[in-house]
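**Student:** In terms of UniProt numbering, the sequence shown opens at residue 1 and continues consecutively.
Idealized CB from N, CA, C, for every residue including glycine.
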Amino acid sequence: MSGTLLLTVGLAVLIGISLGLLGGGGSILAVPLLVYVADLPAKEAIATSLLVVGATSAVGVLPHARAHRVRWRTGLVFGVAGMTGAYAGGRLAEFVPAGFLLTGFAVMMLATAVAMIRGRRSAEGRPVPHELPVFRVIGDGIVVGLVTGLVGAGGGFLVVPALALLGGLPMPVAVGTSLVVIAMKSFAGLAGYLSSVSIDWGLAAAVTAAAIVGSFLGGRLAGKIPPDVLRVSFGWFVVMMGVFVLGQQLPAELRTNPLLWSGAGIVVAVAAAATVRHGRRRPAAGREPTDRELAAPGPRR
1 MSGTLLLTVG LAVLIGISLG LLGGGGSILA VPLLVYVADL PAKEAIATSL
51 LVVGATSAVG VLPHARAHRV RWRTGLVFGV AGMTGAYAGG RLAEFVPAGF
101 LLTGFAVMML ATAVAMIRGR RSAEGRPVPH ELPVFRVIGD GIVVGLVTGL
151 VGAGGGFLVV PALALLGGLP MPVAVGTSLV VIAMKSFAGL AGYLSSVSID
201 WGLAAAVTAA AIVGSFLGGR LAGKIPPDVL RVSFGWFVVM MGVFVLGQQL
251 PAELRTNPLL WSGAGIVVAV AAAATVRHGR RRPAAGREPT DRELAAPGPR
301 R
C-alpha cells in the first residue's frame with residue numbers, strides 16, 4: 001500500500017468521527033481529502049465522497065435507531081425528495097466545469113461553517129406541528145438534495161436545521177433522522193454521477209471502511225466532549241479548509257500572492273474574535289431532552 005493511500009485511509013477516519021459526533025460534516029472533509037491528498041479529479045472525488053458519506057451514514061444511523069432517535073416517516077419523506085434533487089444534481093454536474101464545482105463546494109463549506117459557529121437556535125417555545133408539513137418538507141428536500149448532488153456537500157448541517165424547524169424534532173432526534181436522509185440522497189447523487197464518471201472502487205472501499213470505523217469512534221466520543229466547544233472548533237477548521245479550497249481556484253498569480261493570504265488571515269482572526277465576544281454574551285440554551293425522555297411512549301409524528 002503506497003504512502004499516499006495510507007495517508008488517505010488514515011485521514012478518512014476523521015470523516016466518520018465528524019458524522020458520529022455531529023451528524024454531518026463528512027463531505028466537507030471527504031472532498032478535499034480525495035482531491036488534495038488522493039489526487040483525484042474533482043468530479044471523481046465528489047462521486048467517491050457521496051459513496052463514502054452515504055455508506056457511513058447508513059451504518060451510523062443504527063445506534064440512533066436503537067435509542068429511538070429516528071423519526072422514520074419524516075426522514076423517509078425528506079429523503080425521497082432529497083434523492084430526486086440529488087440525482088438531478090449528479091446528472092447536471094456532467095455539464096458544469098470542475099472548477100465551478102469546487103468553487104461551489106468551497107462556498108458551501110464557508111456557509112456551513114458560519115451556521116456551525118453561530119449555533120442552532122433553541123426550538124423551545126416554538127409550536128410543534130401536529131401534522132408533518134409534507135409539501136414544505138418535499139420542497140426543502142429537493143433543494144438540499146440538488147446541492148448535495150451537484151457539489152457533494154450540504155448534508156447534515158442543512159438537513160438537521162430543516163428537520164428541527166419543519167418537523168418540530170428535538171435536536172438529538174433531528175441528528176439521528178438526518179443520517180437516514182444523508183444516506184438516501186448521497187446514494188442518489190452517486191447514481192447521477194455514475195452516468196458520466198467512473199470511480200476507483202478499491203480506493204472508495206478502503207476510505208469507506210476507515211470512515212465507518214471513525215463513525216463508531218465518534219459515537220463513543222459524543223458524550224465526552226462539550227458540544228459547543230466541538231461545534232465551534234470544527235466550524236473554524238471548516239473555515240480554514242473552505243478558504244484553502246477557494247484559494248486553489250484562483251489564478252496562479254493571485255494564489256501565490258502573500259498579501260492575499262495575509263488579508264484572509266486577518267479577516268478570519270477578526271471574525272473569530274467577534275464570535276468569541278458574541279458567544280460570551282449569548283444566554284445559555286435550554287436543556288436538550290435525554291435519550292430516556294426521547295424513548296418514552298407518546299404521540300409520534
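#1: Roughly how many whole angstroms lie between the Cα atoms of M240 and A98?
#2: Among residues of its own chain, excluding the 5 on either side of G75, which ones have a beta-carbon nearer than 6 Å to its beta-carbon?
#3: Per DSSP, what kind of secondary structure is R66 in: helix, strand or coil?
#4: Give the straight-line distance between the Cα atoms of G20 and G214, rounded to the nearest whole angstrom.
#5: So A162 packs on Y87, CB below 8 Å; how close in whole Å?
#6: Quick check: the segment 103-114 against the segment 198-211, are there 3 or more CB pairs under 8 Å?
#7: Find out if the Cβ-Cβ distance for the pair A30, V53 is shorter than 8 Å.
#8: At what residues does the alpha helix (DSSP H) containing R73 begin and finish?
#9: Using only CA atoms, which one of D228, G149, L169 lies nearest to E44?
#10: Cutting at 6 Å between CB atoms, please list the residues of its own chain near G85, excluding the five before and the five after it.
#11: Assign D228 to one of two classes, buried (16 or more other C-beta atoms within 10 Å of its C-beta) or exposed (fewer than that).
#12: V245 to A205, Cα distance in whole Å?
#13: For S49 versus L62, is the C-beta spacing smaller than 8 Å?
#14: Tell me the DSSP secondary structure of I17 in three-state form.
#15: Please identify the residue among G219, Y36, A65, G79 whose C-alpha is closest to the C-alpha of D140.
#16: Beta-carbon within less than 7 Å of L7's beta-carbon, same chain only, minus the 5 sequence neighbours each way: which residues are those?
#17: Just the Cα atoms here: how many angstroms apart are L101 and V159?
#18: Can you tell me where the alpha helix (DSSP H) with F135 in it begins and where it stops?
#19: Using CA atoms only, rank isn't needed, just tell me which of V207, K224, L203, V151 is closest to V96.
#20: Compute the beta-carbon to beta-carbon distance between L217 and I17, rounded to the nearest angstrom, for a pair I have assumed lies under 8 Å.
#21: Run the CB neighbour count on R66, radius 10 Å, all protein chains shown included, and call it buried at 16 or more, exposed below.
#22: Where does I46 land, buried or exposed, given buried means 16+ other C-beta within 10 angstroms?
#23: Out of F105, G104, K185, which one is the CA nearest neighbour of I138?
#24: For P41, does the count of other Cβ atoms within 10 angstroms reach 16, so buried, or fall short, so exposed?
#25: Within 10 angstroms of its Cβ, does S198 collect 16 or more other Cβ (buried), or is it exposed?
#26: Using three-state DSSP, classify P97 as helix, strand or coil.
#27: Taking C-beta to C-beta, are L190 and R71 nearer than 8 Å?
#28: Can you tell me whether P226 is buried or exposed? The criterion is at least 16 other CB atoms within 10 Å of its CB, across all chains shown.
#29: Out of A55, E94, L250, G10, which has the shortest C-alpha to C-alpha gap to A183?
#30: Cβ of R73 within 8 Å of Cβ of V173?
#31: Distance check for G202 and V238, CA to CA, integer angstroms please.
#32: With DSSP collapsed to three states, give me the class of I199.
**Tutor:** Per the coordinate set shown:
#1: Here residue 240 is taken as the residue at index 240 of the sequence shown, counted from 1. Here residue 98 is taken as the residue at index 98 of the sequence shown, counted from 1. Rounded to the nearest angstrom, the two C-alpha atoms are 21 Å apart.
#2: Taking the sequence shown and counting its residues from 1, one reaches residue 75 at position 75. Taken in chain order, the residues that qualify are T177, V180, V181.
#3: Along the sequence shown, one-based indexing puts residue 66 at 66. Correct three-state label for R66: helix.
#4: In the sequence shown, the residue the question calls residue 20 occupies position 20. In the sequence shown, the residue the question calls residue 214 occupies position 214. Straight-line Cα distance between these residues: approximately 7 Å.
#5: Residue 162 sits at position 162 when you count from the first residue of the sequence shown. Residue 87 sits at position 87 when you count from the first residue of the sequence shown. That belief does not hold up - the Cβ atoms of A162 and Y87 are roughly 19 Å apart, past 8 Å.
#6: no
#7: For this step, residue 30 is matched to residue 30 along the sequence shown. For this step, residue 53 is matched to residue 53 along the sequence shown. Yes, they are a contact pair.
#8: Here residue 73 is taken as the residue at index 73 of the sequence shown, counted from 1. First-last of the alpha helix (DSSP H) with R73: 72-92.
#9: Locating residue 44 in the sequence shown gives position 44, counting from the first residue. The candidate whose alpha carbon is nearest that of E44 is G149.
#10: Mapped onto the sequence shown, residue 85 falls at position 85. Answer for G85: I142, G145, L146, listed in chain order.
#11: As a first step, residue 228 is located in the sequence shown; it is residue number 228 there, counting from the start. Result: exposed.
#12: Here residue 245 is taken as the residue at index 245 of the sequence shown, counted from 1. Here residue 205 is taken as the residue at index 205 of the sequence shown, counted from 1. One C-alpha to the other measures close to 25 Å.
#13: Walking along the sequence shown from the start, residue 49 turns up at place 49. Walking along the sequence shown from the start, residue 62 turns up at place 62. Going by C-beta atoms, S49 is not nearer than 8 Å to L62.
#14: Working through the sequence shown from its first residue, we reach residue 17 at position 17. In this structure, I17 counts as helix in the three-state DSSP scheme.
#15: Translated into positions along the sequence shown, residue 140 becomes position 140. For the residues G219, Y36, A65, G79, the minimum Cα distance to D140 belongs to G79.
#16: If you number the sequence shown from 1, residue 7 lands on position 7. Within the same chain, L7 has close Cβ partners V37.
#17: Within the sequence shown, numbered from 1, the residue matching residue 101 stands at position 101. Within the sequence shown, numbered from 1, the residue matching residue 159 stands at position 159. Going by the C-alpha atoms only, they are around 21 Å apart.
#18: Working through the sequence shown from its first residue, we reach residue 135 at position 135. Where F135 is concerned, the enclosing alpha helix (DSSP H) stretches over 134-151.
#19: Working through the sequence shown from its first residue, we reach residue 96 at position 96. It is V151 whose Cα lies nearest to the Cα of V96.
#20: In the sequence shown, residue 217 corresponds to position 217, counting from 1. In the sequence shown, residue 17 corresponds to position 17, counting from 1. That belief holds up - the Cβ atoms of L217 and I17 are roughly 5 Å apart, short of 8 Å.
#21: Against the sequence shown, residue 66 aligns to sequence position 66. R66 is exposed by the Cβ-count criterion.
#22: As a first step, residue 46 must be located in the sequence shown, where it is residue number 46. That one is buried.
#23: By one-based count along the sequence shown, residue 138 stands at place 138. Of the listed residues, the one whose Cα sits closest to I138 is K185.
#24: Locating residue 41 in the sequence shown gives position 41, where the first residue counts as 1. By the 10 Å Cβ count, P41 comes out exposed.
#25: Within the sequence shown, the letter at position 198 stands for residue 198. By the neighbour-count rule (16 or more Cβ atoms within 10 Å), S198 is not buried but exposed.
#26: For the purposes of this step, residue 97 is identified with residue 97 of the sequence shown, where counting begins at 1. Coil at P97, not helix or strand.
#27: Residue mapping note: residue 190 aligns to position 190 of the sequence shown, counting from 1. Residue mapping note: residue 71 aligns to position 71 of the sequence shown, counting from 1. Taking 8 Å as the Cβ cut-off, L190 and R71 do not qualify as a contacting pair.
#28: For the purposes of this step, residue 226 is taken as the residue at position 226 of the sequence shown. The residue is exposed, with fewer than 16 neighbouring Cβ atoms inside 10 Å.
#29: Here residue 183 refers to the residue found at position 183 when the sequence shown is read from its first residue. Nearest of A55, E94, L250, G10 to A183, Cα basis: A55.
#30: Position 73 of the sequence shown holds residue 73. Position 173 of the sequence shown holds residue 173. Not closer than 8 Å, so no.
#31: Here the question's residue 238 lines up with position 238 in the sequence shown. Here the question's residue 202 lines up with position 202 in the sequence shown. Approximately 28 Å, taken between the alpha carbons.
#32: Position 199 of the sequence shown, counted from the first residue, corresponds to residue 199. It is coil, neither helix nor strand.
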